[in-house]
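Sequences listed follow chains A and B, in order.
So in the numbering used here, the last one in the first sequence is 317, and the numbering has no gaps at all.
So in the numbering used here, the last one in the second sequence is 429, and the numbering has no gaps at all.
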Amino acid sequence: MEFRRKDLLGIAELAPEEIRHILATAASLKDISARPIKKVPTLRGKTVVTVFYEPSTRTRVSFEIAAKRLSADTLNLTVAASSAVKGETLMDTAHTLEAMRPDLLVIRHPASGAPHYLARRLKCGVINAGDGLHEHPTQALLDLLTVQEAKGTLSGLKVAIIGDIAHSRVARSDIQAFIKMGSQVTVAGPATMLPPFLSSLGAKVTCSLEEAVTGADVIMMLRLQLERMGQMYLSTLREYSRYFGLAPRHLKLAQPDVIIMHPGPLNRGVEISPEVADGAHSVILEQVTNGVAVRMALLYLLIGGEKA
Amino acid sequence: MSLLIAGGLVVDPAQALASPRDLLIEGGKIAALKPPGTIPGDGRRVIDAQNLVVTPGLIDMHVHLREPGEEYKETILSGTWAAAAGGFTAVAAMPNTRPVNDNAAVTRFILEAAQAAGLARVYPVGAISMGSAGQSLSEYGDQKAAGAVAFSDDGRPVMHPMLMRRALEYARTFDVPLIVHEEDLDLRASGVMHEGRVSLELGLMGIPAAAEEAMIFRDLALLQLTGGRLHLAHVSAFGSVALIRTAKAAGLTVTAETAPHYFSLTDEAVMGYDTNAKVNPPLRTAADVAAIKEALRDGTLDAIACDHAPHTSLEKDLEFEAAAFGLIGLETSLGLSLKLVHDGVLSLSQLVAAMSTNPARILSVPGGTLAVGSPADVTLMDLNRTWQVDADTFASKSRNCPFNGWTLRGRAVMTIVGGKVVWEEM
Numbered sequence: 010m011e012f013r014r015k016d017l018l019g020i021a022e023l024a025p026e027e028i029r030h031i032l033a034t035a036a037s038l039k040d041i042s043a044r045p046i047k048k049v050p051t052l053r054g055k056t057v058v059t060v061f062y063e064p065s066t067r068t069r070v071s072f073e074i075a076a077k078r079l080s081a082d083t084l085n086l087t088v089a090a091s092s093a094v095k096g097e098t099l100m101d102t103a104h105t106l107e108a109m110r111p112d113l114l115v116i117r118h119p120a121s122g123a124p125h126y127l128a129r130r131l132k133c134g135v136i137n138a139g140d141g142l143h144e145h146p147t148q149a150l151l152d153l154l155t156v157q158e159a160k161g162t163l164s165g166l167k168v169a170i171i172g173d174i175a176h177s178r179v180a181r182s183d184i185q186a187f188i189k190m191g192s193q194v195t196v197a198g199p200a201t202m203l204p205p206f207l208s209s210l211g212a213k214v215t216c217s218l219e220e221a222v223t224g225a226d227v228i229m230m231l232r233l234q235l236e237r238m239g240q241m242y243l244s245t246l247r248e249y250s251r252y253f254g255l256a257p258r259h260l261k262l263a264q265p266d267v268i269i270m271h272p273g274p275l276n277r278g279v280e281i282s283p284e285v286a287d288g289a290h291s292v293i294l295e296q297v298t299n300g301v302a303v304r305m306a307l308l309y310l311l312i313g314g315e316k317a
Numbered sequence: 004m005s006l007l008i009a010g011g012l013v014v015d016p017a018q019a020l021a022s023p024r025d026l027l028i029e030g031g032k033i034a035a036l037k038p039p040g041t042i043p044g045d046g047r048r049v050i051d052a053q054n055l056v057v058t059p060g061l062i063d064m065h066v067h068l069r070e071p072g073e074e075y076k077e078t079i080l081s082g083t084w085a086a087a088a089g090g091f092t093a094v095a096a097m098p099n100t101r102p103v104n105d106n107a108a109v110t111r112f113i114l115e116a117a118q119a120a121g122l123a124r125v126y127p128v129g130a131i132s133m134g135s136a137g138q139s140l141s142e143y144g145d146q147k148a149a150g151a152v153a154f155s156d157d158g159r160p161v162m163h164p165m166l167m168r169r170a171l172e173y174a175r176t177f178d179v180p181l182i183v184h185e186e187d188l189d190l191r192a193s194g195v196m197h198e199g200r201v202s203l204e205l206g207l208m209g210i211p212a213a214a215e216e217a218m219i220f221r222d223l224a225l226l227q228l229t230g231g232r233l234h235l236a237h238v239s240a241f242g243s244v245a246l247i248r249t250a251k252a253a254g255l256t257v258t259a260e261t262a263p264h265y266f267s268l269t270d271e272a273v274m275g276y277d278t279n280a281k282v283n284p285p286l287r288t289a290a291d292v293a294a295i296k297e298a299l300r301d302g303t304l305d306a307i308a309c310d311h312a313p314h315t316s317l318e319k320d321l322e323f324e325a326a327a328f329g330l331i332g333l334e335t336s337l338g339l340s341l342k343l344v345h346d347g348v349l350s351l352s353q354l355v356a357a358m359s360t361n362p363a364r365i366l367s368v369p370g371g372t373l374a375v376g377s378p379a380d381v382t383l384m385d386l387n388r389t390w391q392v393d394a395d396t397f398a399s400k401s402r403n404c405p406f407n408g409w410t411l412r413g414r415a416v417m418t419i420v421g422g423k424v425v426w427e428e429m
């Protein structure tokens with residue numbers, strides 16, 4: 010199939026066949042990262058700019074490695090939110106960057122919809138590397154690739170997503186992604202972190218970790234943002250960990266070949282016990298490896314080829 | 004000079020009138036109202052109003068004119084021009100200007116600027132609290148004497164319940180209404196749109212309807228305690244309507260308004276992160292829209308007021324979270340409200356009551372009727388003229404209109420203030 014998008018803004022806009030195409034492309038590019046010389050000339054002469062308005066290491070580095078492996082030139086701009094407040098608007102920053110003729114802008118921004126705002130106004134392509142509470146589509150795609158590799162399929166699986174659903178763009182993208190590909194999603198967490206209307210996204214909702222993981226093929230733990238403690242969402246970390254932290258005993262409730270995922274970075278001992286994070290079921294590091302492959306695929310599909 | 008408006012369908016709920024009449028204006032007042040063809044036209048300007056509806060001048064009791072302080076968004080001149088273009092002969096100007104209208108000097112400044120503009124009348128609303136900071140009462144007596152018709156901290160709720168109690172009592176002392184923006188700020192927190200399915204999908208923090216309902220409940224309880232006149236601004240939620248209906252049935256002296264966007268749009272309008280649909284209270288669901296329409300129909304809501312809130316691209320061409328709340332409405336309010344008449348939700352008399360008679364009564368200002376001897380504030384409407392909303396042609400200085408491009412049926416074709424034609428598009 011042909012992939013004819015200027016931007017990659019969210020899972021919501023993608024059709025299942027587009028997702029399959031991205032995953033197939035990622036799988037075919039994956040072996041580049043396993044070669045002694047991890048570089049192909051595909052994107053030679055292209056420029057990819059990453060603009061991060063939130064601190065991030067793994068996503069930014071993953072995009073940068075992906076671009077470099079395809080021989081694109083990369084430039085990273087990390088904007089502290091405080092200086093953005095004092096300085097120019099997002100639009101002015103983006104126009105300034107565009108005037109330097111990059112081919113693609115990769116943006117992470119604390120405001121939901123910021124990449125969409127830019128994509129409507131810029132001629133160059135935009136990849137959403139995480140916008141507010143809204144979406145983190147490249148994370149969901151790398152999660153799909155990881156599950157597909159482990160399970161051989163993306164349909165008919167039981168996927169449990171556990172934690173702070175309300176503030177998680179990973180959860181919003183993953184729920185939609187797994188449902189689009191034909192799996193069943195159950196989300197669990199304290200009711201303070203389960204926004205109303207979650208079931209309208211097609212997910213089953215429960216406050217019981219045990220219920221969510223029973224019979225699960227995939228368990229996705231979300232990072233607990235520790236600043237939520239001061240915002241009345243939780244009582245204590247100790248209690249959160251007791252009721253919503255994934256421990257070895259929970260794995261007995263799941264399918265024997267269950268895989269454990271986490272977008273990182275981990276709060277060891279809070280949402281996930283070290284035994285589970287480092288155990289045989291964990292595919293957390295495969296997720297990181299697949300992140301590079303998926304981002305290579307997206308860079309290739311958006312700015313590789315002749316259509317540009 | 005005298006003006007004869009001949010043969011129009013005169014709709015004046017205050018006189019229980021909805022029949023063709025000749026309307027004679029002399030000396031800035033309504034001089035006669037008689038059956039068609041009975042007032043001679045010689046020596047007068049005669050306006051043929053057959054096929055038109057003639058109503059008491061529309062009054063929008065909730066607008067932000069931005070002057071003094073934010074003249075780049077709107078001025079008293081441009082705002083009253085927009086009002087006249089929308090068929091309004093008078094507006095009530097909210098006090099959240101810079102400085103805040105919390106004293107007689109600012110009130111007098113607004114009145115002088117409005118007089119100089121010579122378009123729609125302006126009724127200043129004073130602040131409930133000094134600087135609208137929610138700490139201490141402002142000078143209601145002095146401001147009323149200077150021309151303020153009501154008091155409001157609009158844009159903000161009165162969070163402190165004791166200050167709200169004292170404000171109700173102090174307002175009763177001077178027989179002035181309080182107009183309240185009902186919202187619990189702690190429940191709103193960092194919310195930017197209605198909390199529901201759409202906010203979940205867009206990843207935007209929600210404002211639950213409970214943030215509005217809880218404050219309305221509190222203030223109805225306080226009103227029961229203190230007496231006085233309480234008017235609820237921009238009611239948007241299903242649950243709020245139910246509370247008001249119950250309070251009115253119990254005899255409380257509460258009145259309430261809604262805005263055209265609350266019966267014309269739902270939170271779906273925010274899809275695509277359209278900041279022109281960012282408004283507070285937020286656009287809600289289809290069930291809320293249905294409840295608002297029903298409440299206008301059964302009289303639970305007394306008035307339609309557009310909450311005209313001009314902002315420029317500096318406040319609106321931003322990420323959704325960073326954009327200001329508010330949209331402009333003076334030039335679309337009547338067209339959107341007439342849809343309720345075309346759709347059979349309201350009779351024409353009910354519409355005129357909500358947009359003229361009731362606002363005049365609630366604010367205790369002249370107008371709201373075409374009875375002989377009243378000020379000659381008159382709006383002429385063509386109910387069937389279809390037109391396309393084009394914000395670039397607005398008299399308002401701002402363009403933050405979520406209805407741009409809509410086709411509306413019906414509009415004001417002439418606006419007369421004190422016997423003077425201030426807007427004409429016959």
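Think of the CB as a built atom: it goes at the ideal place given N, C-alpha and C, for glycine as much as any other residue.
The model shown is predicted, which means the values in this text are computed figures rather than measured ones.
task: Could you pull out every unbroken beta strand (DSSP E) segment of at least 3 residues lying fully inside the segment 199 to 268 of chain B, listed in chain order?
output: 233 to 235, 257 to 261
query: Cβ of A:Pro124 within 9 angstroms of Cβ of A:Asp16?
result: yes
query: When burial is assigned at 16 or more other CB atoms within 10 Å of the CB, is B:Met165 buried or exposed?
result: exposed
query: Which residues share a DSSP beta bridge with B:Trp390?
result: B:Leu411
- request: Measure the CB-CB distance between A:Leu131 and A:Glu158 and report whether it falls below 9 angstroms.
  value: no
- prompt: Can you tell me whether DSSP reads B:Ile307 as helix, strand or coil?
  reply: strand
- request: Label B:Ala87 either buried or exposed according to how many other C-beta atoms from any shown protein chain fall within 10 Å of its C-beta, with 16 as the threshold for buried.
  value: buried
message: Tell me which residues share the same chain as B:Val244 and place their Cβ nearer than 8 angstroms to its Cβ, disregarding the 5 neighbours each side in the sequence.
response: Val238, Ala294, Ile295, Glu297, Ala298, Thr303, Leu304
message: I want to know whether the segment 370 to 378 of chain B touches the segment 246 to 256 of chain B - three or more CB-CB distances under 8 angstroms.
response: no
field: Proximal residues to B:Leu440 (C-beta, below 6 angstroms), its chain only, five neighbours per side dropped
entry: Since the first residue shown for chain B is 4 and the last is 429, residue 440 of chain B is missing from the structure and cannot be characterised.
Nearest-angstrom Cα separation, counted from B:Asp156 out to B:Val66: 13 angstroms
- request: Tell me whether A:Phe72 sits in a helix, a strand or coil according to DSSP, three-state version.
  value: helix
- prompt: For B:Glu324, which residues from the same chain have a beta carbon less than 6 angstroms from its beta carbon, with the 5 sequence-adjacent residues on both sides left out?
  reply: Val195
Whole-angstrom distance between B:Glu334 and A:Ala75, CA atom to CA atom: 52 angstroms
Best match in A:Leu142, A:Glu144, A:Leu150, A:Pro119 for proximity to A:Pro25 [C-alpha to C-alpha]: A:Leu150
Counterpart residues of B:Pro59 in DSSP-defined beta bridges: B:Val381
- prompt: Hey, quick one: how far does the alpha helix (DSSP H) through A:Met305 stretch, first residue to last?
  reply: 293 to 312
- prompt: Closest Cβ-Cβ distance between A:Phe61 and chain B: below 9 angstroms?
  reply: no
- request: Would you check if the segment 165 to 177 of chain B and the segment 219 to 228 of chain B touch, i.e. whether three or more CB-CB distances between them fall below 8 angstroms?
  value: yes
task: Would you mind telling me which residues of chain A sit closer than 8 angstroms to B:Arg200, beta carbon to beta carbon, in chain order?
output: Phe206, Ser209
message: With a threshold of 8 angstroms (Cβ to nearest heavy atom), would B:Ile28 be considered close to the ligand GTP?
response: Inclusion of the ligand GTP in the displayed structure is not the case, the ligand content being empty and no account of it being possible.
query: Going along chain A in order, which residues have a C-beta closer than 7 angstroms to the C-beta of B:Phe323?
result: Ala120, Ser121, Gly122
- prompt: Does A:Ile20 come within less than 9 angstroms of chain B when only Cβ atoms are used?
  reply: no
Spatial distance of B:Ile182 from B:Asn54 (CA atoms): 37 angstroms
task: For A:Gln296, count neighbouring C-beta atoms within 10 Å of its own C-beta (all shown protein chains included) and say buried if the count is 16 or more, exposed if not.
output: buried
query: Among B:Ser340, B:Met384, B:Val109, B:Ser141, which residue has its Cα nearest to the Cα of B:His264?
result: B:Ser340
query: For the segment 126 to 156 of chain A, which residues have a CB atom closer than 8 angstroms to at least one CB atom of chain B, in sequence order?
result: Tyr126, Asp140, Gly141, Leu142, His143, Glu144
message: Can you look up B:Leu6 in the DSSP assignment and give me helix, strand or coil?
response: strand
Rounded distance between the beta-carbons of A:Gly19 and A:Pro146, thought under 8 angstroms: 5 angstroms
field: Run of the beta strand (DSSP E) containing B:Gly129, from where it starts to where it stops
entry: 124 to 129
message: Assuming A:Leu166 and A:Val227 are in contact, meaning their beta carbons sit under 8 angstroms apart, how far apart are those beta carbons, in whole angstroms?
response: 6 angstroms
query: With a cut-off of 9 angstroms, does the C-beta of B:Glu271 fall near any C-beta of chain A?
result: no
- prompt: DSSP three-state call for B:Ala280: helix, strand or coil?
  reply: helix
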